[in-house]
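J.:
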Amino acid sequence: MEKPQYEKTTEEQRAYAIILDWGMKLGFVLLLITFAVYMLGLVPAHVPVEQLPYYWAMPAKEYLHAANVPHGWGWLSLTGQGDFMNFIGIAFLAGVTIPCYIRILPILLKNKDTVYSIIAVLEIVVLVLAASGILVSGH
Amino acid sequence: MKQFYQSKFFIFCLVTLAGLTLTTAALATTEPTTTAVITTTSSIPWWGWPLMLFVVCFFLGIVAVLGGVGGGVLFVPIVGGFFPFHLDFVRGAGLLVALSGALAAGPGLLRSGMANLRLALPMALIASSSAIVGAMIGLALPTNVIQTSLGLTILAIVLLMWMAKKSEYPHVPNADALSTALRIHGIYHEQSSGKDVDWRVHRTKMGMVLFTGIGVLAGMFGLGAGWANVPVLNLLMGAPLKVSVSTSKFLLSIVDTSAAWVYLNQGAVIAMITVPSIIGIMLGSLVGVALLKKTDASIVRKVVIIILSLAGTRALLKGLGIWN
Numbered sequence: 021m022e023k024p025q026y027e028k029t030t031e032e033q034r035a036y037a038i039i040l041d042w043g044m045k046l047g048f049v050l051l052l053i054t055f056a057v058y059m060l061g062l063v064p065a066h067v068p069v070e071q072l073p074y075y076w077a078m079p080a081k082e083y084l085h086a087a088n089v090p091h092g093w094g095w096l097s098l099t100g101q102g103d104f105m106n107f108i109g110i111a112f113l114a115g116v117t118i119p120c121y122i123r124i125l126p127i128l129l130k131n132k133d134t135v136y137s138i139i140a141v142l143e144i145v146v147l148v149l150a151a152s153g154i155l156v157s158g159h
Numbered sequence: 007m008k009q010f011y012q013s014k015f016f017i018f019c020l021v022t023l024a025g026l027t028l029t030t031a032a033l034a035t036t037e038p039t040t041t042a043v044i045t046t047t048s049s050i051p052w053w054g055w056p057l058m059l060f061v062v063c064f065f066l067g068i069v070a071v072l073g074g075v076g077g078g079v080l081f082v083p084i085v086g087g088f089f090p091f092h093l094d095f096v097r098g099a100g101l102l103v104a105l106s107g108a109l110a111a112g113p114g115l116l117r118s119g120m121a122n123l124r125l126a127l128p129m130a131l132i133a134s135s136s137a138i139v140g141a142m143i144g145l146a147l148p149t150n151v152i153q154t155s156l157g158l159t160i161l162a163i164v165l166l167m168w169m170a171k172k173s174e175y176p177h178v179p180n181a182d183a184l185s186t187a188l189r190i191h192g193i194y195h196e197q198s199s200g201k202d203v204d205w206r207v208h209r210t211k212m213g214m215v216l217f218t219g220i221g222v223l224a225g226m227f228g229l230g231a232g233w234a235n236v237p238v239l240n241l242l243m244g245a246p247l248k249v250s251v252s253t254s255k256f257l258l259s260i261v262d263t264s265a266a267w268v269y270l271n272q273g274a275v276i277a278m279i280t281v282p283s284i285i286g287i288m289l290g291s292l293v294g295v296a297l298l299k300k301t302d303a304s305i306v307r308k309v310v311i312i313i314l315s316l317a318g319t320r321a322l323l324k325g326l327g328i329w330n
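If you read the protein sequences in the order shown, they are chains A and B. Take the first sequence: its position 4, counted from the start at 1, is 24 in this note's numbering, and no numbers get skipped. Take the second sequence: its position 245, counted from the start at 1, is 251 in this note's numbering, and no numbers get skipped.
Listed below in structure tokens is the structure:
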């Protein structure tokens, strides 16, 4: 009799997969809904769609200045606008890995898997740092 | 006869893709000049570009699956070379396209045991850290430098794809000390043979060093990194091909996350570019998966190499100011 597939994976791997699956599905649904709202014009956009060809040809730094778009997490203040509403889904998808790591950390600690616990903590720090907006550069 | 029609359909897809890219290239040359006043005089309405982007991404999604490459590596040079979007936004969208594909595939690959968390986590930590550095460098350098480097990188990838061999079950006589200490080994069920395959890896230190460079390139060019992950995991470290491909795909969900945040926080994401790209690639990938069993993968791979060669050359010439 063939062994079930889950016996070939570790507890933390299965736990990671569950959170990733839910997060990914929720993120895509959010993305589709907010984009539909944007495309249907149900909510006015911060940058009028007919002006987009002017903005999308310029570097990101110039675009932020020209379109009066805030830096870093400042887009949160614009989520009531059709275009920046999409950032909720985008940010959700970009952030879903962090709760996956948070989920597996107690399992790794319980199993006294010290090295991987440290790796998981460091990865959370790296991802939070990347998401924080502290790290900036520009041309 | 059936194969004849299937190959005809595939050729139709590729011809359409080539036609669309050429059309967009022609239209890109008539892109409006920007002035201090916000006026755009384009030969096509504003919605034409996102619509074409969606269609191109749909076909890219099909070709990417059939050619065994990630969407990001096709997306950035093709869209960056033939659409009027600034490379900052193309790279931001490219990372999110690669990330979305990896997120969608990740749960299934982890559950099946094809992707291995113990193999992925140390590599992901290294690559995601260096991807942040890559993203910061990429956004700091002048556009023409990035464009030229992108062209050279794509052409190097073409060379790698052309020359690199793959090994279904690499011979690993002994696991190295580091992989033994980290307990990087596994077992997966091979459906074609009906057997369980035990595997282990070696040359872990060298793999980690290479993942540092892979992360920098992924962040700098928004390419995803499956093209580099797989050879390192499979040929260098000796993981079975299926484990390498699956773990590589899952790795992207972590590596591209860190770089994507840098692009997002620096304003290099425009929803009208990013979302149609993600949806187009995802839908195309679904069609690609359905066609996977019916097409000759080796022919598709050769066509992908040709497309990438053209896109890489275009990026290089654009960066050097020879073909704008």
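Ideal placement from N, C-alpha and C gives every residue a C-beta, glycine not left out.
Using C-beta distances below 8 Å, list every residue in its chain close to B/Leu242, excluding the 5 sequence neighbours before and after it, in chain order.
T.: Closer than 8 Å at Cβ, skipping near neighbours: Arg209, Met212, Gly213 and Leu216.
J.: Excluding the 5 residues preceding and the 5 following A/Leu147 in the sequence, name in chain order all residues of the same chain whose CB lies nearer than 7 Å to its CB.
T.: So the qualifying residues of the chain are Thr117 and Ile118.
J.: With a threshold of 16 other CB atoms inside 10 Å of the CB of A/Ser152, please say whether the residue is buried or exposed.
T.: Exposed, by the Cβ-count rule.
J.: Would you kindly work out how many angstroms separate the C-alpha atoms of B/Thr41 and B/Leu322, rounded to a whole number?
T.: Low confidence applies to B/Thr41: its pLDDT is 40, below 50, so where it sits in the model is not reliable, and the reading given next is rough at best. If you take the alpha carbons of B/Thr41 and B/Leu322, they lie about 27 Å apart.
J.: Just checking, does the segment 260-267 of chain B make contact with the segment 123-135 of chain B on the three C-beta pairs under 8 Å criterion?
T.: The segment 260-267 of chain B, when compared against the segment 123-135 of chain B, does touch it at the 8 Å Cβ threshold.
J.: Kindly indicate the opening and closing residues of the alpha helix (DSSP H) around B/Gly107.
T.: Note, B/Gly107: alpha helix (DSSP H), Leu93 to Ser118.
J.: Might you give, ordered along the chain, the residues of its own chain that have their beta carbon closer than 7 Å to the beta carbon of A/Thr54, omitting 5 neighbours on each side?
T.: Taken in chain order, the residues that qualify are Met105, Asn106, Ile108 and Gly109.
J.: Compare the C-beta of B/Gly98 with all C-beta atoms of chain A and state if any pair is closer than 9 Å.
T.: Yes, B/Gly98 counts as interfacial toward chain A.
J.: Determine the contact status of B/Ile260 and B/Val103, defining contact as a CB-CB distance below 9 Å.
T.: Going by C-beta atoms, B/Ile260 is not nearer than 9 Å to B/Val103.
J.: Which residues, taken in chain order from the segment 184-198 of chain B, show a beta carbon closer than 7 Å to some beta carbon of chain A?
T.: Listed in sequence order: Leu188, Ile193, Tyr194 and His195.
J.: Near B/Val222, which residues of its chain fall below 8 Å by C-beta distance, leaving aside the five closest residues on each side in sequence?
T.: Excluding sequence neighbours, B/Val222 sits near Ser136, Ala137, Val139, Gly140 and Ile143.
J.: Are any of the Cβ atoms in chain A nearer than 9 Å to that of B/Pro246?
T.: No, its Cβ sits nowhere closer than 9 Å to a Cβ of chain A.
J.: Which same chain residues end up closer than 7 Å to A/Tyr75 when comparing Cβ atoms and leaving out the 5 residues on each side of it in sequence?
T.: Result list for A/Tyr75: Val67, Tyr83, Ala86 and Ala87, in chain order.
J.: Between which two residues does the beta strand (DSSP E) carrying A/His85 extend?
T.: From DSSP, A/His85 is part of no beta strand (DSSP E) but of the alpha helix (DSSP H) over Ala80 to Ala86.
J.: To the nearest angstrom, how far is it from the Cα of B/Ala31 to the Cα of A/Leu52?
T.: Any reading at B/Ala31 must be qualified, since the residue scores a pLDDT of 46, below 50, and its modelled position is unreliable; no value is offered.
J.: Can you name the residues of chain B whose CB is closer than 9 Å to the CB of A/Leu147?
T.: Neighbours of A/Leu147 on chain B, chain order: Ser134, Ile260, Thr263, Ser264 and Trp267.
J.: Spatial neighbours of B/Leu66 within its chain, please: C-beta separation below 8 Å, excluding the five flanking residues on both sides.
T.: Once the five neighbours on either side are set aside, the close Cβ partners of B/Leu66 are Leu23, Gly77, Leu80, Phe81, Ile84, Gly286, Ile287 and Gly290.
J.: Give me the chain C residues within the contact set of A/Ile110, using Cβ-Cβ distance strictly less than 9 Å, ordered along the chain.
T.: Although the question refers to chain C, the structure presented lacks it and instead comprises the protein chains A and B.
J.: If you draw a straight line from the C-alpha of B/Leu298 to the C-alpha of B/Ser106, how long is it?
T.: C-alpha separation (whole angstroms): 20 Å.
J.: Just the chain B side, please: which residues come within less than 8 Å of A/Arg123 by C-beta, in chain order?
T.: The contacting residues do not exist; A/Arg123 stays about 12 Å from chain B at best.
J.: Which of the three DSSP states is assigned to A/Glu143 in this structure?
T.: Helix, per DSSP.
J.: What number of angstroms, rounded off, separates the C-alpha of B/Arg189 from the C-alpha of B/Asp204?
T.: Distance between the alpha carbons of B/Arg189 and B/Asp204: 13 Å.
J.: For A/Tyr58, name the three-state secondary structure that DSSP assigns.
T.: DSSP places A/Tyr58 in helix when its eight states are reduced to three.
J.: Below 8 Å on the Cβ atoms is my contact criterion, and I expect A/Gln33 with B/Leu116 to pass it. Report the Cβ-Cβ distance as a whole number of Å.
T.: The pair is a contact, with the Cβ atoms about 5 Å apart (cut-off 8 Å).
J.: Give, in chain order, every unbroken run of the beta strand (DSSP E) that is at least 3 residues long and sits entirely within the segment 226-305 of chain B.
T.: Runs of the beta strand (DSSP E) inside the segment 226-305 of chain B: none found.
J.: Would B/Val151 and B/Val309 be called neighbours here (beta carbons separated by less than 9 Å)?
T.: Not closer than 9 Å, so no.
J.: Name the DSSP beta bridge partners of B/Trp205, please?
T.: Answer is B/Gly192.
J.: Given that A/Thr117 touches chain B, what residues does it touch there, using C-beta distances under 7 Å?
T.: Here the neighbours are Ser259, Ile260 and Thr263.
J.: Taking 8 Å as the cut-off, does the segment 311-329 of chain B touch the segment 83-98 of chain B (at least 3 CB pairs, one atom from each stretch)?
T.: Result yes; three or more Cβ-Cβ pairs closer than 8 Å.
J.: Taking only beta-carbon atoms, is B/Trp52 less than 9 Å away from chain A?
T.: Closer than 9 Å to some Cβ of chain A, the Cβ of B/Trp52 qualifies, so yes.
J.: With a cut-off of 8 Å on the beta carbons, I'd call A/Gly102 and A/Val63 a contact; round off their distance for me.
T.: Contact flag correct, Cβ pair sits at about 4 Å.
J.: If you measure beta-carbon to beta-carbon, which residues of the segment 144-168 of chain B are closer than 7 Å to chain A?
T.: Answer in chain order: Leu145, Ala146, Leu147, Pro148 and Thr149.
J.: Count the other C-beta atoms from every protein chain shown that fall within 10 angstroms of the C-beta of B/Asn122, then say buried if there are 16 or more, exposed otherwise.
T.: Looking at its Cβ environment, which holds 16 or more other Cβ atoms inside 10 Å, B/Asn122 is buried.
J.: If we cut at 9 Å on Cβ distances, does A/Asn88 have a partner in chain B?
T.: A/Asn88 does not count as touching chain B.
J.: Determine the extent of the alpha helix (DSSP H) in which A/Pro119 is found, giving its start and end residues.
T.: Element bounds for A/Pro119: Thr117 to Lys130.
J.: For the alpha helix (DSSP H) holding A/Pro68, just list the boundary residues, first then last.
T.: First-last for A/Pro68: undefined, no H or E at that position.
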